[in-house]
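Q:
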Amino acid sequence: MAVEPVNFGLPAAFAGGGKNTRTSVNFGDVLASAVNKVNEAQLKADKLTGQFLAGEIQDVHQVTIAMQEARLTMQLALEVRNKVVEAYQEMARMQV
Numbered sequence: 002m003a004v005e006p007v008n009f010g011l012p013a014a015f016a017g018g019g020k021n022t023r024t025s026v027n028f029g030d031v032l033a034s035a036v037n038k039v040n041e042a043q044l045k046a047d048k049l050t051g052q053f054l055a056g057e058i059q060d061v062h063q064v065t066i067a068m069q070e071a072r073l074t075m076q077l078a079l080e081v082r083n084k085v086v087e088a089y090q091e092m093a094r095m096q097v
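My numbering numbers the first residue of the sequence shown as 2 and each following residue consecutively.
Written as structure tokens, this is what we have:
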């Protein structure tokens, strides 16, 4: 069984490898892309679970890996959301 690395797919703004290039990246686009990746992981896990329950897939490892990947992407999204909310609240408390 071949082991595939988990690739969360960094947005193009972060894929420069430390190069000092200026690119215009819209925060909304980055956020939408991240939400889509979380949704895709959830849908993949749901699809594989359904196939496993129907007997179409015999390898429980595929299902378990997909479910854990979906869980981790959701946890990452929640932690990023928590940090964004925390930063917003900190900025709202600042006195001008």
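From the three backbone atoms N, C-alpha and C, an ideal C-beta is built for every residue, glycine too.
Quick check: what's the CA-CA separation for Glu-70 versus Glu-87?
A: Between Glu-70 and Glu-87, the C-alpha separation is close to 26 angstroms.
Q: Should Ala-55 be labelled buried (16 or more other beta-carbon atoms within 10 Å of its own) or exposed?
A: Ala-55 comes out exposed.
Q: Could you tell me which of Leu-49, Val-7, Ile-58, Thr-74 sits nearest to Asn-37, measuring between CA atoms?
A: Comparing Cα-Cα distances from Asn-37 to each of Leu-49, Val-7, Ile-58, Thr-74, the minimum goes to Thr-74.
Q: Is Ala-67 near Ala-35, with beta carbons less than 8 angstroms apart?
A: Cβ atoms of Ala-67 and Ala-35: not closer than 8 angstroms.
Q: Measuring straight from C-alpha to C-alpha, what distance separates Val-7 and Gln-90?
A: Answer to the nearest angstrom: the Cα atoms are 33 angstroms apart.
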